[in-house]
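This report refers to the structure that appears directly beneath it.
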Amino acid sequence: MAPKISKHLIKYIGVRTVIYLATIFSGVTITFFLVKAMPVNAIENILFSITQVGQVYDPEALILLRKTLYEIFGVGGNPLESYVLFLRRVFTFDFGPSIISYPTPARELVFRRLPWTISLLSVSTLISWIVGNLLGVLAGYLRDRKFAKVLEAVAITLYPMPYYIMALILLIFFAVIIPIFPLGGGISVIVESLTLEVILNMIWHSLLPALSLILIGALGWSFLSSRTLTLETLTEDYISYAEVRGLPGNHVLRRYILRNILVPQMTVLGLGLGGIFSGALLTEVLFAYPGVGGLLYYAIFSGDLNTLMAVVFTAMIAVATATYLLDLLYPLIDPRVRYR
Amino acid sequence: MSKAKYLGIIKKAYNATRNIYVSKIKFRMGFTLLIVILLLGFVVSFFAPMNTRTWYTVPKDLPPSTEHLLGTSTMGRDVFWELCASIRNSMIIALMTALIASHVGLFIGLVAGIRGGILDRILMFMTDTFIIIPGLPLLIVVLTVLKQWMTLPLLGALISIVSWPWPARQVRAMVLSLRERTFIYTAMLSGMGMVKVLLREIMPYLLGWHLINFTNTIIFAIGMETGLGILGLSILGDNTLGVMIYWALNQFFALFRGILWWIAAPIAASTFIFVAFYLTSMGLSEYLHPRVR
Numbered sequence: 001m002a003p004k005i006s007k008h009l010i011k012y013i014g015v016r017t018v019i020y021l022a023t024i025f026s027g028v029t030i031t032f033f034l035v036k037a038m039p040v041n042a043i044e045n046i047l048f049s050i051t052q053v054g055q056v057y058d059p060e061a062l063i064l065l066r067k068t069l070y071e072i073f074g075v076g077g078n079p080l081e082s083y084v085l086f087l088r089r090v091f092t093f094d095f096g097p098s099i100i101s102y103p104t105p106a107r108e109l110v111f112r113r114l115p116w117t118i119s120l121l122s123v124s125t126l127i128s129w130i131v132g133n134l135l136g137v138l139a140g141y142l143r144d145r146k147f148a149k150v151l152e153a154v155a156i157t158l159y160p161m162p163y164y165i166m167a168l169i170l171l172i173f174f175a176v177i178i179p180i181f182p183l184g185g186g187i188s189v190i191v192e193s194l195t196l197e198v199i200l201n202m203i204w205h206s207l208l209p210a211l212s213l214i215l216i217g218a219l220g221w222s223f224l225s226s227r228t229l230t231l232e233t234l235t236e237d238y239i240s241y242a243e244v245r246g247l248p249g250n251h252v253l254r255r256y257i258l259r260n261i262l263v264p265q266m267t268v269l270g271l272g273l274g275g276i277f278s279g280a281l282l283t284e285v286l287f288a289y290p291g292v293g294g295l296l297y298y299a300i301f302s303g304d305l306n307t308l309m310a311v312v313f314t315a316m317i318a319v320a321t322a323t324y325l326l327d328l329l330y331p332l333i334d335p336r337v338r339y340r
Numbered sequence: 341m342s343k344a345k346y347l348g349i350i351k352k353a354y355n356a357t358r359n360i361y362v363s364k365i366k367f368r369m370g371f372t373l374l375i376v377i378l379l380l381g382f383v384v385s386f387f388a389p390m391n392t393r394t395w396y397t398v399p400k401d402l403p404p405s406t407e408h409l410l411g412t413s414t415m416g417r418d419v420f421w422e423l424c425a426s427i428r429n430s431m432i433i434a435l436m437t438a439l440i441a442s443h444v445g446l447f448i449g450l451v452a453g454i455r456g457g458i459l460d461r462i463l464m465f466m467t468d469t470f471i472i473i474p475g476l477p478l479l480i481v482v483l484t485v486l487k488q489w490m491t492l493p494l495l496g497a498l499i500s501i502v503s504w505p506w507p508a509r510q511v512r513a514m515v516l517s518l519r520e521r522t523f524i525y526t527a528m529l530s531g532m533g534m535v536k537v538l539l540r541e542i543m544p545y546l547l548g549w550h551l552i553n554f555t556n557t558i559i560f561a562i563g564m565e566t567g568l569g570i571l572g573l574s575i576l577g578d579n580t581l582g583v584m585i586y587w588a589l590n591q592f593f594a595l596f597r598g599i600l601w602w603i604a605a606p607i608a609a610s611t612f613i614f615v616a617f618y619l620t621s622m623g624l625s626e627y628l629h630p631r632v633r
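Chains as they are written, first to last, in our numbering: chain A, 1 to 340; chain B, 341 to 633.
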């Protein structure tokens, strides 16, 4: 049996990898052609608005910026050639020097801030997914209880709301009206070494942004979809059979319902990652959190297209990669998939 | 179509709406809120006593009072009238997106589902690609370049680029399952053309879903516009909910300075819009698929 399974495994991983690369490739291509299809000379226009604002730039930086932008957007020259140049730029992740802190490469600015974003995002996504699904299953299983109905009403209000609107609401309530949390920033002490105080301060600052992501993530789609799935599973014959056999409710809940719900929920998590990532970018802007989202806002604000492109393509690659990793993990959770 | 037929359709739609309104509490709450929002945006906003786009028409930073219902902003605008105009413009953007995205999605899903084969594969690969590309970053690049030329319908059209793929996938799945039903075979074997089968036999099953999807796309578009607004990428020369937040939050720091009535107004309005449309769509889907409840 063993060699057969590993052959399937290789094939499964191979197919996923091809899809993964094709997705990034076509995403990048679509962006290129969208910008290319625009009826204006975007680059000169951007350069003009930069110089017009009167922000002081190194003239050398401007020349380099123009060169990079012309290559990235493929203005002038024949389309095929510029497309190849563009692809080379993207896949070597070389977006030229940043303008906001010339001559640091745009790439480096992104990499410096990426750990902040990844830690905020991964922790809050994980917590919200677990809490949301558990609450959803409980509310579905005990649907006649008062708390289930209250939770449902809350979820219906939160579900259609984007992450950043929730962030604004939390900011108004918990940083302005009742000022118990800081209005923004990532840290408010001087970092010399990573002591306990520093870490606590970092957590303190990321609590409100994380809360806004968790509230919407957990009580929004995680809760509602797992509740609906539980209600559907409850009508299955094997549940009735388990109950007739006299299995304790706890056992039915854990082994019969939860296990069956995890699989579709995992898929939804993979598909929802794009939305979570975009939402988190804006949440970072609102809380002045020192992650990639803050950099993105700064780049847009000062017309730094090199950094902007670096952030945008990082976002695309990050989402595609996360989905890819989830796909690879999928057979571990659902024995029925087994590397087909 | 004759006049009588039009009247018949209107009467049917009215009766259906009344039925849902009476029987579904979620729909009743959502629909009432929706009417209030639409009235504010498309009726009340035209009675604004001043131009809501010019600065310093009223004294600035006044808290809410009987004269200025929601106070005034640092830019010297009356927040209430600005909000009404913003609701109208945001709704125009969202309606544009919903009109384009839901119909493109419906069309692509139908074609892929009915024709099958290689066409289906190509269309679905495109759809999957668009699903995985994070929409916001894509829009950010496009809008950074196109900012000066932006108009309300154009922004709506651009947002629809990232909101058609989900409907397309779902329509295809529904068509695939419908295609295997007996009554479709009966229709096809009795010599009905493909187009006729589509319009007469399949469309009636999709119309209810289409309406729900339309409502959800509006929610998505309003959210997207607000998000782009926060980044300063919406139409800064006009009033929309996103632009209102942008000026209050990023340019005049209303949060730090405690001018809460200015920043809270667009946030509350967008929250009401989300809840109103979502309750409406939930009520509709409960009415159309009673089994799901």
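Quick reminder that beta carbons are idealized off the backbone N, C-alpha and C, glycines included.
Using DSSP bridges, identify the partner residues of proline 105 (chain A).
A:Pro97
Hey, could you find the ends of the alpha helix (DSSP H) glutamine 510 (chain B) is sitting in?
Membership of glutamine 510 (chain B) in the alpha helix (DSSP H) is indicated by the continuous run 505-519.
Only counting the same chain, and skipping five residues up and downstream in sequence, which positions put a Cβ closer than 8 angstroms to that of arginine 633 (chain B)?
Low confidence applies to arginine 633 (chain B): its pLDDT is 41, below 50, so where it sits in the model is not reliable enough to give any reading.
Count the other CB atoms, across all protein chains shown, that sit within 10 Å of the CB of isoleucine 63 (chain A); report buried if there are 16 or more and exposed otherwise.
Exposed, since its Cβ has fewer than 16 Cβ neighbours within 10 Å.
Does the contact criterion of 3 or more C-beta pairs under 8 angstroms hold for the stretch 417-437 of chain B versus the stretch 277-285 of chain A?
no
Indicate whether at least one CB of chain A lies closer than 7 angstroms to the CB of valine 615 (chain B).
yes
Would you list, in chain order, the members of the stretch 585-601 of chain B that have their beta-carbon closer than 8 angstroms to a beta-carbon of chain A?
Ile585, Leu589, Leu595, Phe596, Gly598, Leu600
Closer than 6 angstroms by C-beta to isoleucine 558 (chain B): which residues in its own chain qualify, once you throw out the five before and the five after it? Chain order, please.
Excluding sequence positions up to five before and after isoleucine 558 (chain B), its CB lies within less than 6 angstroms of the CB of Ala434, Ala438, Phe617, all in the same chain and listed in chain order.
Looking at glycine 220 (chain A) and tyrosine 159 (chain A), is the spacing between their C-beta atoms short of 7 angstroms?
yes
Near valine 537 (chain B), which residues of its chain fall below 7 angstroms by C-beta distance, leaving aside the five closest residues on each side in sequence?
Ile524, Ala527, Met528
Which of the three DSSP states is assigned to threonine 414 (chain B) in this structure?
coil
Is it buried or exposed for serine 212 (chain A), if we count other Cβ within 10 angstroms and need 16 for buried?
With at least 16 other beta carbons inside 10 angstroms of its own, serine 212 (chain A) counts as buried.
Return the chain-ordered list of same chain residues with a C-beta closer than 6 angstroms to the C-beta of tyrosine 396 (chain B), the five sequence neighbours on each side being excluded.
Gly416
Is leucine 329 (chain A) close to chain B, meaning its C-beta is less than 7 angstroms from at least one C-beta of that chain?
no
With a cut-off of 8 angstroms on the beta carbons, I'd call leucine 374 (chain B) and threonine 580 (chain B) a contact; round off their distance for me.
Going by Cβ atoms, the distance from leucine 374 (chain B) to threonine 580 (chain B) rounds to 19 angstroms, so no, they are not a contact pair.
Counting only beta-carbon atoms, is valine 376 (chain B) nearer than 7 angstroms to chain A?
Closer than 7 angstroms: no.
Are the CB atoms of valine 84 (chain A) and valine 28 (chain A) nearer to each other than 7 angstroms?
Not closer than 7 angstroms, so no.
CA-CA distance, lysine 11 (chain A) and threonine 357 (chain B)?
52 angstroms
Threshold first: 4 residues or longer. Then list the alpha helix (DSSP H) segments lying entirely within the stretch 190-221 of chain A, N to C.
196-217
Helix or strand or just coil, what does DSSP make of methionine 466 (chain B)?
Reduced to three states, the DSSP call for methionine 466 (chain B) is helix.
For leucine 258 (chain A), I'd like the list of residues in its chain whose CB is within less than 7 angstroms of its CB, leaving aside the five on either flank, ordered along the chain.
Val137
For isoleucine 473 (chain B), decide whether its Cβ has a neighbour in chain A, counting only Cβ atoms nearer than 7 angstroms.
Cβ-Cβ to chain A under 7 angstroms: yes for isoleucine 473 (chain B).
Do you know how far the Cα of glutamate 232 (chain A) is from the Cα of glutamate 347 (chain A)?
Any answer about residue 347 (chain A) is impossible in this case: the structure gives chain A only from 1 up to 340.
Is alanine 148 (chain A) close to chain B? Criterion is C-beta to C-beta, closer than 7 angstroms.
no
Leaving aside the five residues before and after tyrosine 297 (chain A) along the sequence, list all residues of the same chain whose C-beta is less than 6 angstroms from its C-beta, in chain order.
Val285
Taking its Cβ as the centre, do 16 or more other Cβ atoms sit within 10 Å of arginine 107 (chain A), making it buried, or is it exposed?
buried
Identify the continuous alpha helix (DSSP H) that holds glycine 294 (chain A) and give its terminal residues.
292-301
What does threonine 267 (chain A) touch in chain B if you count any residue whose Cβ is under 7 angstroms from its own?
Those within 7 angstroms of threonine 267 (chain A) in chain B number zero; the least Cβ separation is about 12 angstroms.
Does the separation of the CB atoms of proline 505 (chain B) and phenylalanine 470 (chain B) fall below 7 angstroms?
Their beta carbons are under 7 angstroms apart, which means proline 505 (chain B) touches phenylalanine 470 (chain B) by this criterion.
Closest by CA to threonine 68 (chain A), which one among A:Ile177, A:Leu183, A:Gln265, A:Asp304?
A:Asp304
Just to confirm before moving on: does the CB-CB distance between serine 124 (chain A) and alanine 210 (chain A) stay below 7 angstroms?
Using a Cβ distance threshold of 7 angstroms, serine 124 (chain A) and alanine 210 (chain A) count as a contacting pair.
Closer than 7 angstroms, CB to CB, is valine 18 (chain A) near chain B or not?
Valine 18 (chain A) has a beta carbon lying at 7 angstroms or more from every beta carbon in chain B.
If you scan the stretch 216-252 of chain A from start to end, which runs of the alpha helix (DSSP H) of 4 or more residues do you find wholly inside it?
223-234, 237-244
Should arginine 509 (chain B) be labelled buried (16 or more other beta-carbon atoms within 10 Å of its own) or exposed?
The residue is buried, with at least 16 neighbouring Cβ atoms inside 10 Å.
Could you check the C-alpha separation between glutamate 407 (chain B) and tyrosine 289 (chain A) for me, to the nearest Å?
39 angstroms
Is the shortest distance between the beta-carbon of leucine 576 (chain B) and the beta-carbons of chain A less than 7 angstroms?
Not an interface residue.
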